[in-house]
Amino acid sequence: DQEKFSNILNSIIKSLKLEEKLTPNNTDNDNEQKNENKLKDQNDNEINQDKNSNKQDFNIESVIPDVEIDANQSEQESLIEDENSSNDEIKSSNIKKNSSEVKYKIFTNKFDKIINAEEMIDPGEMIKFRENLDNQLKSFHNFISRLANKLQRKLLAFQNRSWEFDLEEGMLDTAKLTRVIIDPHNSLSYKKEKNTNFKDTVVTLLIDNSGSMRGRPISIAAICADILSRTLERCSVKVEVLGFTTLNWKGGKSRELWLKNKINNPGRLNDLSHIIYKSADTPWRRGKNNLGLMLKEGILKENIDGEAILWAYQRLKNRSEERKILMVISDGAPVDDSTLSVNPGNYLEKHLKNTVKWIENKKDVEINAIGIGHDVTNYYSKALKIADVQELGDALIDQLADLFIEEPKRKKTIN
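First residue of the sequence shown: 4, per our numbering; consecutive thereafter.
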């Protein structure tokens, strides 16, 4: 009988007190299952968290701009705040390591301008500045003539000369004297020297138009530009005269735009002004009035040399001449308060050195400098220092003549 069997079995279980031992085992099994479920849930949560954290790290890297792009700073800050303290320490150490290797960048270039000198002021005012420059040049008139003649003779000494023979007019060819005597009616007894351009050369004079050049330095620079333009043109060398400064003090529109978000290390933070005083194809007589514009103090502001040199280099590179020479006339280191106030202190200076070194290594354009009152050999491997126009003299003649020899001599500095 099953009912009796079940009753007997229950009574045995009660008498042996096995009921209490059985129930905990069941509960333990239930707990184990629950614990296993919890562990699975925790593992799933951890996996999901890891995935989310990986996505977050990717977003941080993608938000940070490499150059010029103005990212949403509030998004960056919120993402960075979500990182734990250890990650913050790692990131700060990385920033310290990379701070010494900050790459040169430009916050914005949409306010930069390349301006022709004649467009900056009216013609009447331009003539007045030219008259002012001519007055300063009067005392150097004899010096300019001597310099031009001496430099021309020295440069032309390197020129490969050739003659055309059997011409109807020109110099009498002494080798044909016998022909003249035998056949006086033969007119093909003359020769003429070929008029050839000097090694197909173009020179760019890039002049620092910064505020520190105000007064005597900018006058010396303008006089140098005028003398060199005239002298080299007489040697059949084309000359371009450029200037560089900024449109405004204290950053101009570029800084106003940056102030809206204030991103760290924005790079160059000012509006550039690059001035074309005389193009290479413009004769000195037609472009000489523009050179007087350098004496206008209102245009002399800050100087960002590295980018100006790259601009002049690119213009030279596009020329068809075989020989290309870039001569920088400056008074020392680049300075722009707006840029240096939000970047490392050597930011512009380092870019200038890197730019000059890059051009020197490429060797498609020869670069050298004239320092007005300052030694600029720290930036240029070939440099000349002068304190006054009278110091141009023989040293400048030697310096320029060396440029037309395949292996230039070592750098010269006048103290």
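Every residue gets a Cβ at the ideal spot worked out from N, C-alpha and C, and that includes glycine.
Look at residue i and residue j and say whether their C-beta atoms are less than 8 angstroms apart.
{"i": "residue 109", "j": "residue 309", "result": "no"}
{"i": "residue 155", "j": "residue 234", "result": "yes"}
{"i": "residue 334", "j": "residue 174", "result": "no"}
{"i": "residue 373", "j": "residue 227", "result": "yes"}
{"i": "residue 268", "j": "residue 105", "result": "yes"}
{"i": "residue 229", "j": "residue 170", "result": "no"}
{"i": "residue 244", "j": "residue 294", "result": "yes"}
{"i": "residue 283", "j": "residue 322", "result": "yes"}
{"i": "residue 375", "j": "residue 328", "result": "no"}
{"i": "residue 207", "j": "residue 319", "result": "yes"}
{"i": "residue 384", "j": "residue 363", "result": "yes"}
{"i": "residue 260", "j": "residue 111", "result": "yes"}
For residue i, does the count of other Cβ atoms within 10 angstroms reach 16, so buried, or fall short, so exposed?
{"i": "residue 369", "result": "buried"}
{"i": "residue 388", "result": "buried"}
{"i": "residue 386", "result": "buried"}
{"i": "residue 232", "result": "buried"}
{"i": "residue 307", "result": "buried"}
{"i": "residue 122", "result": "exposed"}
{"i": "residue 254", "result": "buried"}
{"i": "residue 279", "result": "buried"}
{"i": "residue 191", "result": "exposed"}
{"i": "residue 348", "result": "exposed"}
{"i": "residue 291", "result": "buried"}
{"i": "residue 152", "result": "exposed"}
{"i": "residue 281", "result": "buried"}
{"i": "residue 339", "result": "buried"}
{"i": "residue 371", "result": "buried"}
By the DSSP assignment, the alpha helix (DSSP H) with residue i in it spans what residues?
{"i": "residue 287", "result": "287 to 294"}
{"i": "residue 181", "result": "180 to 185"}
{"i": "residue 345", "result": "Residue 345 -> no alpha helix (DSSP H), and no H or E assigned at all."}
{"i": "residue 356", "result": "350 to 365"}
{"i": "residue 171", "result": "From DSSP, residue 171 is part of no alpha helix (DSSP H); its letter is neither H nor E."}
{"i": "residue 257", "result": "255 to 261"}
Quick test of your reading: residue i and residue j, contact by CB under 8 angstroms. State the CB separation rounded to the nearest angstrom.
{"i": "residue 222", "j": "residue 305", "result": "Not really, about 20 angstroms apart at Cβ, beyond 8 angstroms."}
{"i": "residue 315", "j": "residue 209", "result": "5 angstroms"}
{"i": "residue 277", "j": "residue 117", "result": "5 angstroms"}
{"i": "residue 274", "j": "residue 132", "result": "So it is not a contact: roughly 23 angstroms between Cβ atoms."}
{"i": "residue 194", "j": "residue 211", "result": "Wrong, their Cβ atoms sit about 48 angstroms apart, outside the cutoff."}
For the beta strand (DSSP E) holding residue i, just list the boundary residues, first then last.
{"i": "residue 309", "result": "Run containing residue 309: none in the beta strand (DSSP E); it sits in the alpha helix (DSSP H), 308 to 320."}
{"i": "residue 194", "result": "193 to 196"}
{"i": "residue 234", "result": "Not the beta strand (DSSP E): residue 234 falls in the alpha helix (DSSP H), residues 219 to 237."}
{"i": "residue 369", "result": "369 to 375"}
{"i": "residue 130", "result": "Looking at the DSSP string, residue 130 is not in any beta strand (DSSP E); the run it does join, the alpha helix (DSSP H), is 126 to 141."}
{"i": "residue 246", "result": "241 to 249"}
{"i": "residue 211", "result": "204 to 211"}
{"i": "residue 264", "result": "Per DSSP, residue 264 belongs to no beta strand (DSSP E) and is neither H nor E."}
For residue i, which residues from the same chain have a beta carbon less than 6 angstroms from its beta carbon, with the 5 sequence-adjacent residues on both sides left out?
{"i": "residue 311", "result": "247"}
{"i": "residue 258", "result": "272 and 341"}
{"i": "residue 56", "result": "Residue confidence for residue 56 is low, a pLDDT of 38 falling below 50, so the modelled location carries little weight; the figure read from the coordinates is stated next. Once the five neighbours on either side are set aside, residue 56 has no close Cβ partner at all."}
{"i": "residue 297", "result": "221 and 225"}
{"i": "residue 129", "result": "292"}
{"i": "residue 377", "result": "334 and 335"}
Hey, is residue i's beta-carbon within less than 8 angstroms of any beta-carbon in chain C?
{"i": "residue 267", "result": "The structure shown has no chain C; it contains just one protein chain."}
Report all residues from its chain with a CB closer than 8 angstroms to the CB of residue i; omit the five preceding and five following residues, and keep chain order.
{"i": "residue 355", "result": "308, 309, 312, 336, 337 and 382"}
{"i": "residue 343", "result": "350 and 351"}
Between residue i and the ligand ADP, is the CB less than 7 angstroms from at least one heavy atom?
{"i": "residue 306", "result": "No copy of the ligand ADP appears in this structure; indeed no ligand is present at all."}
Looking only at its own chain, which residues have a Cβ that is under 7 angstroms from the Cβ of residue i, when we skip the five neighbours before and after it?
{"i": "residue 358", "result": "309, 312 and 313"}
{"i": "residue 256", "result": "114 and 274"}
{"i": "residue 390", "result": "376"}
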